[in-house]
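To convert, note that position 488 of the sequence shown is 488 in UniProt numbering; the numbers rise steadily by one, no gaps.
Glycine included, C-beta positions come from ideal geometry on N, C-alpha and C.
Following: one structure in structure tokens, then a few remarks.
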Amino acid sequence: MGVHGLTTYLRENKHILSRTVQLFQTNDPQRIPVVVDAWSFIYEIVYCADLPWIFGGEYPELARLVEHVVRAWVDIGLELHFVFDGPYPALKFPTLISRVTQTNIQSGLLFFRTSATARSSPRFLHETAMLPPLAYSVCVDTLLSLTSQAQSESPSARRLYLHFADEEGDPYAVALAARLDAYVAGRDSDFIVLNAEGYRGYIPLDEMVWTLTTASADGTSWDVEGSVYSSNVSVAGDSEAPSIGEDEDGFRTVRKGKGKKKRQVEASQAQRAGRGILPPDALGALGLSPDLPSAAQGQLALSFTVYSPTTLATHLDIPVSLLPLLGALLGNDFTGAPASDDLAPAPATTADIRSKGRGNLQRLFFERQLTLAQRISRVSTTLSSLLAAAFDGSGGGKRRGKRAIGSVMELIDAAVTALLIRPLDTFATGEKEAIVERIVEATLQYAVPRVEVEDGMEQGQEEFGGIRWASGVCPLHLQDVCPLFAVLSGLARERDAAIALHEEGRKSEQAEPDNPVGVVRERYVGAFRRGLLDPHLLDVAQTGTMWPRMFLEDPDKETVLRSVGRPIRLWTYAILNAGIGLPMSPEPDPAEREDEDEESDEDELIDVVEEDDSDAEPIPNALARLRGALQQLDGSKEGADEDSAAKATPPSAGSTSNGGSSHAKLPKLVTEYVRRGTRLVPEEVTVPSLSDMLREVVLDAPMDSRTGVVLPPQIWTYELRRALLLRGLASDLPAVAHLPDDRLVGVVALRWAVRTMHQRSLDSPGVKERFLERWTQVEARAVLASLYSPESDPAPNQLADQVAEERKDHIVPTERHIQLVAQISAALDAIEQLSQVLLLSSKITTPARQFSGMRCHALLSGRVSVVVGDELWQACVGGLEDAYALPPQRRTKKAAKGVPTPPAVTTSSAKRSGNSSKTQGLFALLADAEA
């Protein structure tokens, strides 16, 4: 992630570009604000803890590790501000596709094509590691619970805050750090390129070190030996204060300590470090270091490295404002540079250059043999020389004939021209302009939002440790320019445009506080800021795309994101469209369709059995196509039917009176990025009508008593929204409806997975593989026990023993069990998003935090006894008695009918028969057999 090669460059020049900060645990620690990139935090915890991922995720351990790290950071003196990314920008789609293909699809394909013995080795699992699909939900839930605890215990001493960015999280984090005078911690080199006034620098999470020092018997607390170059070491963030005993050159004078043997006899200081950002007590809780002393038995310290954008710019001899341009020229997440730069082809045509996903621009700038450091030096030298020539006032002959640089666009054009390794006469018309265009777009992504605090003082409120929000909807943006507010205002803009066009006198209605469209938008803004709305849901509203979280699954079968998750997401799309409005999809260009067909891989691996089902459209889409054909055959009759249906159906809250517009009749599409064979491909899904879906589940939508329009589901009563969730998922039964809210999602997800696999077998009665996909009751009980059994949520003092014992057992996951876990994970993720869209997630919580994949596989394999409550199990079985498959039985040889079973032969008779067979001949034996 970040700028290509910049992380390596920073490590190679660490002694020049960085300084080290040391913090010690005291009774009254100071408050040092740090903005944490939340996704980098999740990846770093999973990596440092080496949690087993192959089983589907160890979410109880992940939640405990998050709690351990956050509490340790707060106790050491950090004030934490976690920032989560918002919806993906369209310019980042090629990087996302390449990343998901490499980390999920290719790793999953390699796993299933490797023998069970080889793929169980630690090295193989480490190289093919994937992030569990519910890690985001578990991390947010854990941080929210910690925030509420800190708020209730001591509101004035609160040191933990959560932020959710409107778009890309990196500029948002730097802008927030500038407001807080804080550092930014993460694992993204973009943080060294971004800059704002007040931003103190970038802290790589993988360069954080915990140290626990135990005191010696004579009270000695520190025992330092050797020479330490400490010019870049500071204590408690004070980079200006010199250390005691330092000379002018930064060397520390150190006195020789006692002999080694004597120190060992006296049991002098023992320093024990944690693992990365994990403090020592977290390792003890995981059973990785059971003999490790606690923080109360010694001095706990945290040291981390800080890189400043100003220091980097000074070292490269360029202005700090040109660091974003440096990152774009080197290649970042927005230039579409693939993971393997050497294997990527160079762009060949203008279309390839303009395409965001094809071609690697860096192949046009650098020779293949250049190292990463040499590339950075080449770009920085080029920019420095261009600036020197531009501001050189001598007017010598060297500049004669060259165009003067008077703007940033001219500087980018000159830099691209200077870096191209091919002669300009080899480029076709428009190719160079296309390269400049892509570099400009990649540079603009580094724009840090800047808002004067005084501009929003009247509307703002006191939040986040004394920082005033710039507006009532965003801490960094005014309401008119807030990206989140604009994304959630699609339906409001359509309505206002229709009112302005047809009824100018009703413009004042848009300010009504009880307007349904405005109420939905206000509730969604509040839910997103509180962490109760998944950013992937905003992808649907902003770019019309959906990126379902992918995990390990059988590559020879249809992806569970389509078979299990898509029918649930259809409800999500319909409810979003009714509440805030989804963007209209442009009509596809026939030429682009032909190009996509020509680029399809003929060698793509697609399972023959699943091909028809994977490419088939949902039933509503097929009916829509049939309806369109009938309209062409009999337009007048069908049009009359539509008019009568329109008169019978009451208008919705977001509908407009502009019925004559042909553009409004076009169906809205959502592009889902799911696996097909061995590729991640976009698939267009038609957004169904909510009224049609409500009619299918026999549920009447309430209407506004004043206007007579149908209200969107987001402002229905809680009971009605809960009923919609159950009916939409075919679980509106008394046994399910009477369950507590905290037990509902797991039961409904299991019922949906069982029902879906059973329906697939009914749709393809002659396919054996579909029949074998059905769940058994034993498997369903095991999964349900892993979600809600008391043993799936052990006490903290039992966690280490349980984890150590289960790791020693070496549970080998089977392909069948891996597929079952993938199905239930996809159902849990999709249902959680549906509950968030219905604004139910504050009460109807997900059981992901209690789900242990390792324990689930142990239950499925029968190594652990299954304990499930009768109420939960009856809710899972009710109405699905015929959906469960019978458990497989071993085949036994049956005796032929009418043939008596011969008596058992004793040892003596066997000996006699053996002796007689030796004396008799072959024909005599045959004669005896016939007789």
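Go to Thr305, then tell me how far its beta strand (DSSP E) extends in each direction, as first and last residue.
-> 299-307
Going by other Cβ atoms of all chains shown within 10 Å of its Cβ, with 16 needed for buried, is Gln271 buried or exposed?
-> Summary for Gln271: the model assigns pLDDT 48, below 50, so the residue's position carries little reliability; its value from the coordinates is reported in the next sentence. Classification for Gln271: exposed.
With DSSP run on the structure shown, which of helix, strand or coil describes Tyr718?
-> helix
If I'm right that Val46 touches Ala135 with Cβ under 8 angstroms, what's the distance once you round it to whole angstroms?
-> 7 angstroms
For the beta strand (DSSP E) holding Val21, just list the boundary residues, first then last.
-> 18-24
What runs of the beta strand (DSSP E), each 3 residues or longer, lie entirely inside the stretch 61-119?
-> 78-84
Could you work out which residue in Glu881, Thr572, Arg695, Leu80 is closest to Ala830 when comparing CA atoms only?
-> The shortest Cα separation from Ala830 among Glu881, Thr572, Arg695, Leu80 belongs to Thr572.
Assigned secondary structure, Leu669 (DSSP; H/G/I helix, E/B strand, else coil) = Look at Leu669 here: in three-state DSSP terms it is strand.
Distance, Cα to Cα, Val877 vs Arg751?
-> 8 angstroms
Pull up the distance between the alpha-carbon of Pro319 and that of Asp28, whole angstroms please.
-> One Cα belongs to Pro319, the other to Asp28, and the distance between them is close to 40 angstroms.
Any idea which residues DSSP pairs Thr776 with across the strands?
-> Ala885
Thr8, enclosing beta strand (DSSP E) - first and last residue = Segment 6-12 is the alpha helix (DSSP H) holding Thr8; no beta strand (DSSP E) there.
Per DSSP, which residues does Asp37 bridge with? Please list them.
-> Residue pairing for Asp37: DSSP places it in a beta bridge opposite Val83.
So what does Gly186 bridge to, in DSSP terms?
-> Pro204
For Met546, the residue or residues it bridges with in DSSP = Glu672
Is Ile580 near Gly490, with beta carbons less than 8 angstroms apart?
-> Their beta carbons are under 8 angstroms apart, which means Ile580 touches Gly490 by this criterion.
Taking all protein chains shown into account, do 16 or more other C-beta atoms lie within 10 angstroms of the C-beta of Ser842, making it buried, or fewer, making it exposed?
-> exposed
Any contact of the stretch 50-67 with the stretch 97-108, i.e. 3+ C-beta pairs under 8 angstroms?
-> Three or more Cβ pairs closer than 8 angstroms define a contact, and the stretch 50-67 falls short of that threshold against the stretch 97-108.
Per DSSP, cross-strand counterpart(s) of Arg727 | None, per the DSSP bridge assignment.
Report the partner residues of Leu162 according to the DSSP bridge assignment.
-> Phe82
Run through DSSP, which three-state label would Gln271 get?
-> In this predicted model, Gln271 has a pLDDT of only 48, less than 50, meaning its place in the structure is not dependable; the value taken from the coordinates is given anyway. Here Gln271 sits in strand by DSSP.
Can you tell me which of the three DSSP states Trp210 falls into?
-> Here Trp210 carries a strand assignment [DSSP, helix/strand/coil].
Take Ala390 and list the residues in its own chain whose beta-carbon comes closer than 6 angstroms to its own, dropping the five residues that flank it on each side.
-> Ile405
Have a look at Ala414, Thr382, Ser731, Pro279 and flag the residue whose alpha-carbon is nearest the alpha-carbon of Gly64.
-> In the sequence as presented, Gly is not what sits at residue 64; that position holds Arg. Ranking the options by Cα distance to Arg64, first place goes to Pro279.
So which of His163, Leu726, Ser861 has the shortest CA-CA distance to Val783?
-> Ser861
Exposure of Gln874, with buried meaning 16 or more beta-carbon neighbours within 10 Å = It counts as exposed.
Taking the beta strand (DSSP E) that Leu680 falls in, what are its first and last residues?
-> Start and end: 679-686.
Exposed or buried, Thr371, counting other C-beta atoms within 10 Å across all chains shown (16 or more means buried)?
-> Flag for Thr371 reads exposed.
Which class does Val564 belong to by DSSP, given the choice of helix, strand or coil?
-> helix
How long is the line joining the alpha carbons of residue 968 and Leu411, rounded to whole angstroms?
-> In the structure displayed, the chain extends from 1 to 931; residue 968 sits before or after that span and is not available.
Where do the ends of the alpha helix (DSSP H) carrying Cys876 lie?
-> 870-877
Considering only the beta carbon of each residue, do Asp190 and Asn13 sit closer than 8 angstroms?
-> No, the pair does not count as a contact, with Cβ atoms beyond the cut-off.
Given a cut-off of 8 angstroms, decide if Asp85 and residue 946 are closer than it, judged by their beta-carbon atoms.
-> Here the chain comprises residues numbered 1 to 931, so residue 946 is not present and cannot be evaluated.
May I ask you to list the residues that DSSP assigns as paired with Met703?
-> Val710
Residue span of the alpha helix (DSSP H) that contains Val487, given as start and end = First-last of the alpha helix (DSSP H) with Val487: 483-487.
For Ser407, which of helix, strand or coil comes out of DSSP?
-> coil
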